[in-house]
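Asker:
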Amino acid sequence: MDYDVLVVGGGIGGMESSLKLGDMGYKVLLVEKEPSVGGRMILLSKVFPTLDCASCISGPKMSSTVNHPNVTVASSSLVEAIHPQADGSFRASVTHKATYVDAAACTGCQECEPVCPVAVPDQFNADLVPRRAVYLAFPQAVPKKVVIERAGTSPCSGECPAGIKAHGYVALAREGRYEEAFQLVLEATPLVGTLGRACYAPCEDQCTRADLEGSVPIRAIKRFLADRHYAESDTPGVSLAQANGRSVAVVGSGPAGLTAAWQLALRGYAVTIFEADDEPGGFLRYALPAFRLPGEVVERDIQNVRDVGVTILTGARVSDPVALTTRGFDGVIVATGTPLATPLEVPGTDAEGVWSGLDFLRDVRLGRAPSLQDQRVVVVGGGNVAMDAARSAARLGASSVSIVYRRGRDEMPAHEDEIAGAVADGASLRLLLGPAEVVTDSAGRVSALRCDVMRLGEADASGRRRPEPVPGRSELVEADVLIAAIGMAPDVGALAHVLDTTHGRLGADPTTLQTSVPNVFAAGDVVVGASDITRAAGAGRRAAINLDRFLNGEALGPIDALDGRLDTIAHDSVIRRQARYSEHAAVERGLNAGELASFEEIERTLSEDEVLAGASSCLDCGVCSECGSCARACPADAIDFTMRDRTEEVRVGSVVVSTGFTLFPADLKPEYGWGVYPNVITGMQMDRLIAPTRPFNTILRPSDGKVPERIGYVSCTGSRDRTVGNPRCSKICCMYSIKQNQLIMGTLPLADVSMHYIDIRAAGKRYEEFYQQSAAMGAQYIKGRVASISETPEQNLLVRYEDIEGTGNIVETEYDLVVLAVGVQPNPAAAALFPDQALELDEAAFVFEPNEDLQPGRTNIPGVYVAGAASGPKDIVDSIAHAGAAVSGVAAYLQAHRVSTEPELMGVTR
Amino acid sequence: MTSPRDQREIIRDEPLMHRPILAALADGPRTIPEIAAALGRPSSEVVYWVMGMRRYGFVIEEPEANEDGYFLYGRKDAR
């Protein structure tokens, strides 16, 4: 037996049960779903009829519970299921939700909260005020530990192949914290400016906002961050680890190599990049056209790498990377990309005027491209290189640009934006044409491309439909220049004697990127074939982290940034959080107005206003943005994003269900206007406004912050009301309203307080006197059910009711603020605890007590007891008394079944 | 003016509104309706933002409400 008793719920009933059982010597596990025990009572202002401070009297009980030697409190935990066992005991599964905070380290200082950029409604203040994604539930929380609300990984962050925390930098940018946002991207890669321009932004494809009026302009925000930083600073501004005395060689300086070098340099390695070309950057510099990625941006990103101490050797081709390990390098990362153009294997490709796409783009970048003035250019291929070549040709003055592709547009591997861009630049798509022969003129120069007409057959291994020639049909596409851009491949032939190069790529473990030589790793397109720069950057990060592990003698494996992300939250889960959405004006991508002949950037950088507008449309899908601000602010180093939910099985002797109640959702009485009129609030909201830890500085109208002068109460909202399916009295509403009446008159002596009631139910010790006292203080009690509430232009409220004890007429009274005394409803969580044997409920769906007169607290399941308002509406006094009854039942049950963790308690054990 | 916006959406804007609200308070404390007028936003939204900023130490109220029943909120760093 792990515990004698499992208590489910840490409100006043659960705490009282736990304390009493603990005092008896029983071992108790108290499971509370919230981060603190205390339930609703700790959130109240005062209690009736004594007007004792709620937190003053429940605070000590909370501390006693958590510190009781026989009580183990599991906060932020859920009881998933309880299974009765044949011997009278129970097996329960309990999930301890990850709080992402080391409770042993957290001091509750709350330094983390002001720096968190994500604001959500504070449920512990009845949604009257924002809280942060990282938060202490309330000032008196026990345990006093902050927690982080994470609903999952935001789709944008979850989709980034480089592990960039897109939500994080958007959230920081929204607050104007641009430098912190820039630094967050640097955690992943030095290529902030590059990715801000040339990434295909899978984050935006996955953005939940795209389901509404359009994606957050995530990539453009990143570009703004980079441009702003580079305009203001000459250095990346990062901190390096102390030099560790080890050196690493990185072969290749494309996105994978640069990112790998960056990651290793940050970790204290002396890194040398070997680049075969004259300048570093790989495809960033030599393949991507300047109108998409200017050379100065690439150079500035590369400067980040140099600034952290990386040595870049250019013109340094490495034919045997393994040999570098014998030249003083402790490890090597090979990231040589896919420099080889896949040849177009048809007759005539040796004709004058035939280019490979890579060579063409390279010459364009180097300023030695041929003039294409009045030339008919045909580009073969459907990928991004083909689109870049076509768009470049258009800028070089071609009279026509045709893109020949053997499949249809839907099968084109190029990014849709690139295809659309090529078409916008004037290129025509010649689809379902398969190149068959380069036709030349008498001078041996290309004059046309003869193509087979194709049709689509079954899908091939890539999932795309396979093109098949239509027998007997061909077309001639006239051309003065032919650019073949049908694929790229790694150049690994020379490595075959030292590394695995099966399938024409460098073999490496897909998770660790370790090659067949233990201290040689590989990253990027040389491993997987042509992909994109963001994937390559992610691979560089993966390889660097695993090489670091290898050199430190640690186990290799997945990396948190890419493989350890929480599951991505589904769009509909996010969308459901709001009843309505206002439309955000789309942020235009800002195309530069320029001539087609120009290689000027086709996009411009967003203005700060545009960035703020775009960032403000972020829905904070995962709630926490993973920006890491809390971790940086925490003086105790308590933030732990690697924490995960943990489920344990426990065996217990008995169970106390103290799951409490829920409050009637006031919007189910639309005639009262809650949720529509800001100055109609609930009783719980008023209790928070009165409480010492109130969300406002005093009692104020939510519409405009005015101190209200006329406050009206509407009793029986959601109780004694068949129209909402609840004919029962909620028992506590009259008394908490009267309590609030008195407290308001104390706080706002000039305020008029009135309460519209059906009957005053003041049945309890000194309750009637409490009511009379309130009336004597000046509160008005008006008999008659309120029919409706409407709002005046001044946002006052007209309460319409039948004046039963006065004129008998239907009258309207105007208030500044109206409080709905909402009733009590059952908590459906109670019944869900027992999947094997139904926990019986009464007609109102509260937990049923078969013999509540003589055996209060006993349920239909032997060994399961109910304490407090889980079995029906109860005030605090009754809840505590009821818990006492449940506890006595538990003790008797344990004795009868002689099931205990403490044999001496039982005399005999099983 | 009542906001037609969802409460969660309004609250989400609080960090975004720090700078404009602090700018609106540059010349001294203001009431919620005055801040709302300066921003051109509904008072009911400004209540959420100002109370959030008050919670996290960016603004602080004057000790007493004015004769119209409104408190004035000023920049805490101006104190």
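Residue numbers (the numbering used here), protein chains in the order written: chain A, 335 to 1244; chain B, 3 to 81. Every residue gets a Cβ at the ideal spot worked out from N, C-alpha and C, and that includes glycine. Treat the numbers as computed from the prediction; the structure is a model and nothing was measured.
#1: Use the C-beta contact count for A:Thr1243: other C-beta atoms within 10 angstroms, 16 or more gives buried, fewer gives exposed.
#2: What does A:Ser508 touch in chain B if you count any residue whose Cβ is under 7 Å from its own?
#3: Going by beta carbon distance, what residues of the same chain come within less than 8 Å of A:Glu802, once the five residues before and after it are set aside?
#4: Does DSSP put A:Arg1244 in a helix, in a strand, or in coil?
#5: Please report the distance separating the alpha-carbon of A:Ala657 from that of A:Thr849.
#6: Out of A:Val468, A:Ala870 and A:Tyr360, point me to the one whose CA is closest to A:Cys964's CA.
#7: Just verifying my parser: in three-state terms, what is the DSSP assignment at A:Arg640?
#8: Of all the options A:Gly858, A:Val984, A:Val435 and A:Val714, which has the alpha carbon lying nearest to the alpha carbon of A:Cys968?
#9: Can you pull the DSSP bridge partners for A:Gln1114?
#10: Count the other C-beta atoms from every protein chain shown that fall within 10 angstroms of the C-beta of A:Ala594, then say buried if there are 16 or more, exposed otherwise.
#11: Between which two residues does the beta strand (DSSP E) holding B:Gly76 run?
#12: In chain order, what residues of the same chain lie with their CB nearer than 7 Å to the CB of A:Gln444, ignoring the 5 residues before and after it?
#13: Can you tell which of A:Ala475, A:Ser491 and A:Gly671 has its C-alpha closest to the C-alpha of A:Gly874?
#14: Under a three-way DSSP split, which group does A:Glu809 fall into?
#15: Tell me which residues share the same chain as A:Val1120 and place their Cβ nearer than 8 Å to its Cβ, disregarding the 5 neighbours each side in the sequence.
#16: Does the segment 353–361 of chain A come into contact with the segment 391–411 of chain A, if we say contact requires no fewer than three beta-carbon pairs (one atom in each stretch) closer than 8 Å?
#17: Going along the chain, which residues of its own chain have a beta-carbon closer than 6 Å to the beta-carbon of A:Gly1241, five neighbours each way excluded?
#18: For A:Ala864, does the count of other Cβ atoms within 10 angstroms reach 16, so buried, or fall short, so exposed?
#19: Along chain B, which residues have their Cβ under 9 Å away from the Cβ of A:Asn1031?
#20: For the segment 555–587 of chain A, list every residue whose C-beta sits within 9 Å of some C-beta in chain B, in sequence order.
#21: Answer with yes or no whether the minimum CB distance from B:Arg10 to chain A is below 8 Å.
#22: Under 6 Å Cβ to Cβ from A:Asp1170, same chain only, skipping five residues before and after it: list those, please.
#23: So, is the C-beta of B:Ile34 closer than 8 Å to a C-beta in chain A?
#24: So, under 8 Å CB-CB, A:His905 and A:Thr542 are touching, yes? Tell me the CB distance rounded to an integer number of Å.
#25: Whole-angstrom Cβ separation of A:Val1181 and A:Ser1205, contact assumed at under 8 Å?
#26: Does any CB atom of chain B fall closer than 8 Å to the CB of A:Gly1197?
#27: When you compare only the Cα positions, how much space is there between A:Glu750 and A:Arg425?
#28: So who's on the other strand from A:Phe855, going by DSSP bridges?
#29: Out of A:Leu559, A:Ala485, A:Cys490 and A:Lys478, point me to the one whose CA is closest to A:Gln517's CA.
#30: Put A:Leu1188 into one of helix, strand or coil per three-state DSSP.
#31: Could you pull the start and end residues of the alpha helix (DSSP H) that B:Trp51 belongs to?
#32: So A:Val1224 and A:Val339 are supposed to be a Cβ contact under 8 Å. How far apart are they, rounded?
#33: Does A:Val1211 come out as helix, strand or coil in the three-state DSSP assignment?
#34: Out of A:Ala720, A:Val698, A:Pro1083 and A:His918, which has the shortest C-alpha to C-alpha gap to A:Val738?
#35: Give a yes or no on whether the minimum CB-CB distance between B:Gly59 and chain A is below 8 Å.
Answerer: Checking against the coordinates, here is how it stands:
#1: The residue labelled residue 1243 of chain A in the question sits at position 909 within the first sequence. Its pLDDT being 42, under 50, A:Thr1243 is placed unreliably in this model, and the value from its coordinates should be taken loosely. With fewer than 16 Cβ atoms within 10 Å of its Cβ, A:Thr1243 is classed as exposed.
#2: For the purposes of this step, residue 508 of chain A is identified with residue 174 of the first sequence, where counting begins at 1. Reading off the sequence, residue 508 of chain A comes out as Arg, not Ser. Those within 7 Å of A:Arg508 in chain B are Pro17 and Leu18.
#3: The sequence position of residue 802 of chain A within the first sequence is 468, counting from 1. Met788, Arg789, Leu790 and Gly791, listed in sequence order.
#4: Along the first sequence, read from residue 1 onward, the residue named residue 1244 of chain A stands at position 910. Note on A:Arg1244: pLDDT 39, under 50, position unreliable in the model; the coordinate value appears next. Residue state for A:Arg1244 is assigned as coil, using DSSP reduced to three classes.
#5: Position 323 of the first sequence holds residue 657 of chain A. Position 515 of the first sequence holds residue 849 of chain A. If you take the alpha carbons of A:Ala657 and A:Thr849, they lie about 14 Å apart.
#6: The residue you call residue 964 of chain A lines up with position 630 of the first sequence. For the residues A:Val468, A:Ala870 and A:Tyr360, the minimum Cα distance to A:Cys964 belongs to A:Val468.
#7: Here the question's residue 640 of chain A lines up with position 306 in the first sequence. Of the three classes helix, strand and coil, the one that applies to A:Arg640 here is helix, per DSSP.
#8: As a first step, residue 968 of chain A is located in the first sequence; it is residue number 634 there, counting from the start. Out of A:Gly858, A:Val984, A:Val435 and A:Val714, the CA that lies nearest to the CA of A:Cys968 is found in A:Val435.
#9: Sequence index remark: in the first sequence, residue 1114 of chain A carries index 780 (1-based). Under DSSP, A:Gln1114 forms a beta bridge with A:Ser1088.
#10: Mapped onto the first sequence, residue 594 of chain A falls at position 260. It counts as buried.
#11: In the second sequence, counting from the first residue as 1, residue 76 of chain B sits at position 74. Annotation: the continuous beta strand (DSSP E) that includes B:Gly76 extends over Tyr75 to Arg77.
#12: The residue you call residue 444 of chain A lines up with position 110 of the first sequence. So the qualifying residues of the chain are Leu470 and Val480.
#13: Along the first sequence, read from residue 1 onward, the residue named residue 874 of chain A stands at position 540. Selected option, being the one with the closest Cα: A:Gly671.
#14: On the first sequence, position 475 is the one that residue 809 of chain A refers to. Correct three-state label for A:Glu809: strand.
#15: The residue labelled residue 1120 of chain A in the question sits at position 786 within the first sequence. Excluding sequence neighbours, A:Val1120 sits near Tyr1006, Val1048, His1090, Val1133, Arg1134 and Tyr1135.
#16: Taking a contact to require three or more Cβ pairs closer than 8 Å, the segment 353–361 of chain A and the segment 391–411 of chain A qualify as touching.
#17: Stepping through the first sequence from its first residue, residue 1241 of chain A is reached at position 907. Its pLDDT being 49, under 50, A:Gly1241 is placed unreliably by the model, and the measurement read from it follows with that caveat. Closer than 6 Å at the Cβ level, and outside the excluded window around A:Gly1241, lies no residue.
#18: On the first sequence, position 530 is the one that residue 864 of chain A refers to. Buried is the call here.
#19: Numbered from 1 along the first sequence, position 697 holds the residue referred to as residue 1031 of chain A. The contacting residues are Met53, Arg56, Ile62, Glu63, Phe73 and Tyr75.
#20: Within the segment 555–587 of chain A, no residue has a Cβ that lies closer than 9 Å to any Cβ of chain B.
#21: To locate residue 10 of chain B, count along the second sequence from 1; it is residue 8. Closer than 8 Å: yes.
#22: Sequence index remark: in the first sequence, residue 1170 of chain A carries index 836 (1-based). Within its own chain, the residues whose Cβ lies closer than 6 Å to the Cβ of A:Asp1170, once the five positions on either side in sequence are excluded, are His417, listed in chain order.
#23: One-based indexing of the second sequence puts residue 34 of chain B at position 32. A Cβ of chain A is located within less than 8 Å of the beta carbon of B:Ile34.
#24: Counting from 1 along the first sequence, the entry for residue 905 of chain A is found at position 571. Counting from 1 along the first sequence, the entry for residue 542 of chain A is found at position 208. Correct: roughly 5 Å between the Cβ atoms.
#25: Your numbering for residue 1181 of chain A matches position 847 in the first sequence. Your numbering for residue 1205 of chain A matches position 871 in the first sequence. The C-beta separation of A:Val1181 from A:Ser1205 comes to about 5 Å, placing the pair in contact by the 8 Å criterion.
#26: Along the first sequence, one-based indexing puts residue 1197 of chain A at 863. Interface residue (Cβ-Cβ distance to chain B less than 8 Å): A:Gly1197 is not classified as such.
#27: The residue you call residue 750 of chain A lines up with position 416 of the first sequence. The residue you call residue 425 of chain A lines up with position 91 of the first sequence. A:Arg425 has its alpha-carbon roughly 55 Å from the corresponding atom of A:Glu750.
#28: Taking the first residue of the first sequence as position 1, residue 855 of chain A is located at position 521. Answer is A:Ile667 and A:Gln848, bridged to A:Phe855.
#29: In the first sequence, the residue the question calls residue 517 of chain A occupies position 183. Per the C-alpha coordinates, the member of A:Leu559, A:Ala485, A:Cys490 and A:Lys478 positioned closest to A:Gln517 is A:Leu559.
#30: Within the first sequence, the letter at position 854 stands for residue 1188 of chain A. Here DSSP, grouped into helix, strand and coil, assigns A:Leu1188 to coil.
#31: As a first step, residue 51 of chain B is located in the second sequence; it is residue number 49 there, counting from the start. From DSSP, the alpha helix (DSSP H) with B:Trp51 extends over Ser45 to Arg57.
#32: By one-based count along the first sequence, residue 1224 of chain A stands at place 890. By one-based count along the first sequence, residue 339 of chain A stands at place 5. Rounded, the Cβ-Cβ distance is 6 Å, consistent with contact.
#33: For the purposes of this step, residue 1211 of chain A is identified with residue 877 of the first sequence, where counting begins at 1. If DSSP states are grouped into helix, strand and coil, A:Val1211 belongs with the helices.
#34: Numbered from 1 along the first sequence, position 404 holds the residue referred to as residue 738 of chain A. Here the closest residue by C-alpha is A:Ala720.
#35: Position 57 of the second sequence, counted from the first residue, corresponds to residue 59 of chain B. Chain A, which has a Cβ nearer than 8 Å to the Cβ of B:Gly59, makes this yes.
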